[in-house]
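To start, the structure itself, in structure tokens.
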Amino acid sequence: MQIIQFLRTLKTKRLTIETKEKTIIKGTLTKIDKKMNIYLTNATIHNEPVDSYFIRGTQVRYVIVEESEVFGGVEKRKCVDEERKRMR
């Protein structure tokens, strides 16, 4: 599974993004496109809340996801089911 496909399964989940400039942005994933541009809502950057935030894909260093968001039973099953559908 490609990373973008995996991240799309985390829509509406809280993520932490670290940019190449070492800026930390936390927010709720609303969209990720094929160039890995990330759209967040209810974000926090430099401890300042913002309604929405856009991060260009070329500037992303790390995407940090809480383990419970990834390996919760429902999310894990959803991820597997979506991958099986794509492989058909």
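Position 25 of the sequence shown, counted from 1, bears residue number 24 in numbering that gives the first Met the number 0, the numbering being contiguous throughout.
Ideal Cβ placement from N, Cα and C applies to all residues, glycine included.
Predicted model, so just to flag it, every value in this text is computed and none were measured.
- In this structure, the CA atom of GLU17 is about 30 Å from the CA atom of ARG83.
- Around the C-beta of THR22, fewer than 16 other C-beta atoms lie within 10 Å, and the residue is accordingly described as exposed.
- The residues GLN58 and ARG60, in chain order, have a CB closer than 6 Å to that of LYS19 in the same chain once the five nearest residues on each side in sequence are set aside.
- Between the C-alpha atoms of LEU9 and THR29 there is a straight-line separation of about 9 Å.
- In the three-state reduction of the DSSP assignment, ASP50 falls in the strand class.
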